[in-house]
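Enquirer: The structure's right below; bear with me while I get my questions together.
Residue numbers (this note's numbering), protein chains in the order written: chain F, 82 to 883; chain H, -1 to 358.
Here is the structure:
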């Protein structure tokens, strides 16, 4: 919402300076976004006279002008390309150092084709005061040379732009804004009663409203014998000051009423309207050429005004071209109506029309002002265009409701924590137009017709507090209350935090990627369901909710590779979607490694260079699981499992086949190709929600530590086994021989190659035997060792390496 | 006795001449070994008269002790020299550059870090952390929050929708984290003190808007909390979060459907070559919206607005993170550029605590 200071002062008698008014507007909820003061922005531009204009020696289209800038000094030489630069012309001059808004440059002393130029003669477009760039400005011969142009031209009326919140329909007009400032003690409110204009004859056009829900009120009047020329200068200035284009008096009056009073009107050229008017829903197939020059196809959800020709106007949004008023209009129909807010909003959205009328009607206009608005508009028409008014035709009976709120005055203290004396409350409310009856503790408050946003006690508190001053509400310390100090994070929140730090501690960098990805990528990872596809995605590659973090991470890693960082280790901990129910949303921790971004460290190094491999991804997954509190001993690793991973270089992490916690491995070449990513690429994904919750323990003390008095014994064994034998099976076989005595089995060597059958491998394990009751004899240890060899042979077919 | 003295001095000379431990051992064997020269002299004692034995025995044993001592001393010197020689040959290039430890190169995203900072501050004030789904119903995202059907306030939120279901309803991506407040009020009895951080979505994309962003909201419901408390909490929060001793704040009336009265909050700052200083300057920077929970919202969530009252606030996590840490372009938060992440990210051990200072 834009207006100028002088416009505001039409409604508010005030001597307050602009800054104070602007601050007050902001502090009562009408946030000032911008104040444009052209006299400041255009201060360096002054009025000057061209003394002489000679042909430039080296350029046909340029002239060398000597300019009297009125500062008493010598004439200034300016090279000018405008065709109208001539001796005697009074125009606008800017010296070097001036910022030229229309060109977005700062002027310097220049040499143009060998001739020095010390300034510029300007067009209106260069000052951004109009579109006109046909030559430099031509001012009257008696314009005062040397004076500031903006001030002389009357551009000194600051334009105030406020960011109007959608509840304040009463402030879509300058009049309402003035009322708020009046309530805030910023001046005297000019609010004279509007006198009805007596009709001289009955209105010949009848109005039928088919659906009162769409059109709760409609008022119309004919004015015969108008002359519709340009509107008076004051009105044109009002409109241009806020960026509107004056058209003709009748149209300008409707625009003026829109911004002055928040009361949109429509004017029809009565001679172009056939018969009576009907307000109804559009019929399928109907269309309208609107005033913006576009044709809109209509349907029954849209409310229109029709005559016997058909559709003449989009109700409350925009008029039709064919019945519009122009300089030939002699009889005018003025319409002032009420429309259903929701229908206006829906229609505007559907047709893509953002008109000043829609802006107001969808917020809701003051229903009680429908008829007074028509009277005021009629007065203006008579003043500017003459003519004879008809009587009003008014359809509808009750315009607005009488809303009375029972208000316990203690509500202000209860909700806002501030003491406001009752007389002050009453004064504020009265100035805003509320009527207050009673003296407490509960008063009755009648809400004015223009405040459709005020419904209940809280709204009244807001009115009082915003005018009284939010800054006067004292800050009140907020104690912690009686609650004991305890952890506030849920187990899932803790898992999420720990997973992040565990992965970062492994040298990975945390990324945050988009929640939506391209459909093919979603499908590749088991997503792409219809219920997870956005109806209005922002781009086709951001169309489906992600079923996995990996497509986003893979794209992110590829972007880094393309930027020249080929050794990338990225992770993300974030939400993934299996469906559109709350329980379908899970928290995943995932990561990718590419190039020399192995667990050991980043890049090539003299101490050893390793490309990331599938087991780095396994280690990442295990780091997450351990940090998140998973029962590590219960985890099972099953080869393969995910379609997007290399079948031979990947694994599934599970606790039984029913609870899959995640996957790790090398990306499948086909998945890489589909995603346009370079391989080999290692990846893992762990679903944090699937980690079983640890049992709550009654005490924080750790279990009692049992230290054996006897030294543990270590024995090494190397087995030759088939290559397909899983190390985990061999370890489990050894472990299973005696769960009490054998406290540790580690794999310390893996060998494949020379000296061993091509389909075999050598796995060497170190077994730790912990004697329990007494030191074990060599024979007893040998007996355990023999059992280990026998058990491993039985379970894996392996033989002890000779 | 010149023989014994000669022998002794010859052996001592041999010891001194021994160049390594093997040569020294040979001297020992030749003197003190079974067939050594001193051993041989000792063997002669048996044939002597008691008097002779007494004097000779003492002399020979003295010589033996001297030789033994000399041997030990020489051995110590040779051993030490050998060690020095070995160590002299065992050199490494200590200027070789180290490999960066993983914990040095790993990074926590600034958003996660700020998330942890927020939690630390509000946990200290007795708030717990509530979360909810990103995919929401129209009812929880709008209707229960007092956005009337078709009201222009809904258009302030450019909403991502899913396709309509058979019954005509359609899910959407939450445009704010307020549905978590609704879920909290529906599932918990007052008093309520929660913050609700989470990812939110609106159709928007330019330097200051991305289609996804993050919010943290706060909600307090009890029988006495009012605007004065709200102002105090937000003031305390801003000082703690921006880690300054004082900060000027401006609360001004605004409008949100779900609060009444509603306020927007600006903080005073000074912009200096891309850096923002808080607690000084002339500029006002909007950072959050807040207000008393609207009675219609309380009612929709089964709470009697005449008995209970409370307030809520919401702010952009991305925005306050950018303000605090001097990041200029919102889009870079989601660009996953490792150069940016390494620069603006945090090391894994930089865990924010109030005791240690959030960012130190």
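Where a beta carbon is used, it is the ideal one built from N, C-alpha and C, also for glycine.
#1: Give me whichever residues DSSP pairs with residue 720(F) in a beta bridge.
#2: Out of curiosity, what's the CA-to-CA distance linking residue 208(F) and residue 155(F)?
#3: What in chain F is Cβ-close to residue 230(H), meaning under 8 Å?
#4: When burial is assigned at 16 or more other CB atoms within 10 Å of the CB, is residue 33(H) buried or exposed?
#5: Going along chain F, which residues have a C-beta under 7 Å from residue 343(H)?
#6: What are the boundary residues of the beta strand (DSSP E) that residue 98(F) is part of?
#7: If we ignore side chains and look at the alpha-carbon of each, how far apart do residue -1(H) and residue 62(H) end up?
#8: Relative to the C-alpha of residue 948(F), which residue among 368(F), 357(F), 112(F) is closest?
#9: Count the C-beta pairs between the region 586 to 606 of chain F and the region 90 to 102 of chain H that are closer than 8 Å, then say yes if the count reaches three, no if not.
#10: Where DSSP assigns a beta bridge to residue 347(F), which residues make up the other side?
#11: So is residue 60(H) buried or exposed if we call it buried at 16+ other beta carbons inside 10 Å?
#12: Which one or two residues does DSSP pair with residue 326(F) in a beta bridge?
#13: Would you mind sorting residue 57(F) into buried or exposed? The rule is 16 or more other CB atoms within 10 Å of its CB.
#14: For residue 145(F), is the classification buried or exposed, using 16 other Cβ atoms within 10 angstroms of its Cβ as the cut-off for buried?
#15: According to a CB-to-CB cut-off of less than 8 Å, which residues of the region 219 to 253 of chain F neighbour chain H?
#16: Residues of chain H with a CB under 7 Å from the CB of residue 887(F): which are they?
#17: Could you pull the DSSP bridge partners for residue 803(F) from this structure?
#18: Just curious, the alpha helix (DSSP H) that residue 284(F) is in, first and last residue?
#19: Does DSSP put residue 601(F) in a helix, in a strand, or in coil?
#20: In three-state DSSP terms, what is residue -1(H)?
#21: Could you spell out the range, first to last residue, of the alpha helix (DSSP H) harbouring residue 199(H)?
#22: Applying a beta-carbon distance threshold of less than 8 Å, which residues of chain F neighbour residue 88(H)?
#23: Taking residue 893(F) as the query, report the chain H residues whose CB atoms sit under 9 Å from its CB, ordered along the chain.
#24: Comparing C-alpha positions only, which one of 454(F), 638(F), 704(F), 869(F) sits nearest to residue 813(F)?
#25: Residue 377(F): buried (16+ other C-beta within 10 angstroms of its C-beta) or exposed?
#26: Rounded to the nearest angstrom, how far is the Cβ of residue 465(F) from that of residue 334(F), given a contact under 8 Å?
#27: Grouping DSSP H, G and I as helix and E and B as strand, with all else coil, what is residue 701(F)?
#28: Could you tell me the boundaries of the beta strand (DSSP E) in which residue 158(F) lies?
#29: Locate the alpha helix (DSSP H) running through residue 512(F), then write down its first and last residues.
#30: Tell me which residue opens and which closes the beta strand (DSSP E) that residue 83(F) is part of.
#31: Grab me the residues of residue 424(F)'s own chain with a C-beta within less than 7 Å of its C-beta, minus the 5 sequence neighbours each way, in chain order.
#32: Determine, using beta carbons only, whether residue 612(F) comes closer than 9 Å to chain H.
#33: Whose C-alpha, out of 397(F), 172(F), 204(F), is nearest the C-alpha of residue 182(F)?
#34: Counting only beta-carbon separations shorter than 9 Å, does residue 85(F) have a partner in chain H?
#35: Can you name the residues of chain F whose CB is closer than 8 Å to the CB of residue 127(H)?
#36: Roughly how many angstroms separate the alpha carbons of residue 290(F) and residue 199(H), rounded to a whole number?
Expert: Result, derived from the coordinates:
#1: Translated into the one-based positions of the first chain, residue 720(F) becomes position 639. DSSP links residue 720(F) through a beta bridge to 732(F).
#2: Position 127 of the first chain, counted from the start, is the residue given in the question as residue 208(F). Position 74 of the first chain, counted from the start, is the residue given in the question as residue 155(F). When only Cα atoms are considered, residue 208(F) and residue 155(F) end up about 25 Å apart.
#3: What you label residue 230(H) is simply residue 232 of the second chain in a count that begins at 1. For residue 230(H), the chain F residues whose C-beta falls within less than 8 Å of its own C-beta are 556, 557, 558, 559, listed in chain order.
#4: On the second chain, position 35 is the one that residue 33(H) refers to. Classification of residue 33(H): exposed, given that the 10 Å Cβ count is below 16.
#5: In the second chain, residue 343(H) corresponds to position 345, counting from 1. Within chain F, the residues near residue 343(H) are 590, 591.
#6: What you label residue 98(F) is simply residue 17 of the first chain in a count that begins at 1. If you look at residue 98(F), you'll find it isn't in any beta strand (DSSP E); DSSP assigns it neither H nor E.
#7: The sequence position of residue -1(H) within the second chain is 1, counting from 1. The sequence position of residue 62(H) within the second chain is 64, counting from 1. The predicted position of residue -1(H) is uncertain, since its pLDDT is 48 and thus under 50; no value can be drawn from it.
#8: Because chain F is modelled from 82 through 883, residue 948(F) falls outside the range shown and cannot be assessed.
#9: The count of Cβ pairs closer than 8 Å, one atom from the region 586 to 606 of chain F and one from the region 90 to 102 of chain H, reaches three, so the stretches are in contact.
#10: Position 266 of the first chain, counted from the start, is the residue given in the question as residue 347(F). DSSP, once it has assigned bridges, lists 416(F) as partnering residue 347(F).
#11: Here the question's residue 60(H) lines up with position 62 in the second chain. Classification for residue 60(H): exposed.
#12: Working through the first chain from its first residue, we reach residue 326(F) at position 245. Residue 326(F) is not bridged to any residue.
#13: Residue 57(F) is absent from the structure shown; chain F starts at 82 and stops at 883.
#14: As a first step, residue 145(F) is located in the first chain; it is residue number 64 there, counting from the start. It is buried - the Cβ of residue 145(F) has at least 16 other Cβ atoms within 10 Å.
#15: The residues in question are 246, 247, 248, 249.
#16: Residue 887(F) is absent from the structure shown; chain F starts at 82 and stops at 883.
#17: Position 722 of the first chain, counting from 1, holds the residue named residue 803(F). The secondary-structure analysis by DSSP pairs residue 803(F) across a beta bridge with 841(F).
#18: As a first step, residue 284(F) must be located in the first chain, where it is residue number 203. Segment: none, residue 284(F) is in no alpha helix (DSSP H) and carries neither H nor E.
#19: Here the question's residue 601(F) lines up with position 520 in the first chain. Look at residue 601(F) here: in three-state DSSP terms it is helix.
#20: For the purposes of this step, residue -1(H) is taken as residue 1 along the second chain, with counting starting at 1. Any reading at residue -1(H) needs caution, since the residue's pLDDT is 48, under 50, leaving its predicted position unreliable; the model's value is listed next. Looking at residue -1(H) - three-state DSSP - the assignment turns out to be coil, as it is neither helix nor strand.
#21: Numbered from its first residue, the second chain carries residue 199(H) at position 201. Here residue 199(H) belongs to no alpha helix (DSSP H); instead the beta strand (DSSP E) covers 190 to 199.
#22: As a first step, residue 88(H) is located in the second chain; it is residue number 90 there, counting from the start. Per Cβ cutoff of 8 Å: no residues; residue 88(H) is ~18 Å from chain F at best.
#23: The requested residue 893(F) is not part of the displayed model; chain F covers only 82 to 883.
#24: Position 732 of the first chain, counting from 1, holds the residue named residue 813(F). Here the closest residue by C-alpha is 869(F).
#25: In the first chain, residue 377(F) corresponds to position 296, counting from 1. Result: buried.
#26: Residue mapping note: residue 465(F) aligns to position 384 of the first chain, counting from 1. Residue mapping note: residue 334(F) aligns to position 253 of the first chain, counting from 1. Confirmed, Cβ separation roughly 7 Å.
#27: Numbered from 1 along the first chain, position 620 holds the residue referred to as residue 701(F). Of the three classes helix, strand and coil, the one that applies to residue 701(F) here is helix, per DSSP.
#28: Stepping through the first chain from its first residue, residue 158(F) is reached at position 77. From DSSP, the beta strand (DSSP E) with residue 158(F) extends over 157 to 161.
#29: What you label residue 512(F) is simply residue 431 of the first chain in a count that begins at 1. Counted as a single uninterrupted DSSP element, the alpha helix (DSSP H) harbouring residue 512(F) occupies residues 503 to 513.
#30: Working through the first chain from its first residue, we reach residue 83(F) at position 2. Residue range 83 to 85 is occupied by the beta strand (DSSP E) that includes residue 83(F).
#31: Numbered from 1 along the first chain, position 343 holds the residue referred to as residue 424(F). The answer, listed in chain order, is 295, 384.
#32: As a first step, residue 612(F) is located in the first chain; it is residue number 531 there, counting from the start. By this cut-off, residue 612(F) is an interface position.
#33: Along the first chain, read from residue 1 onward, the residue named residue 182(F) stands at position 101. The shortest C-alpha separation from residue 182(F) is found at 204(F).
#34: In the first chain, residue 85(F) corresponds to position 4, counting from 1. Chain H, which has no Cβ nearer than 9 Å to the Cβ of residue 85(F), makes this no.
#35: Position 129 of the second chain, counted from the first residue, corresponds to residue 127(H). What residue 127(H) touches in chain F: 569, 570, 571, 574.
#36: Against the first chain, residue 290(F) aligns to sequence position 209. Against the second chain, residue 199(H) aligns to sequence position 201. Distance between the alpha carbons of residue 290(F) and residue 199(H) is about 42 Å.
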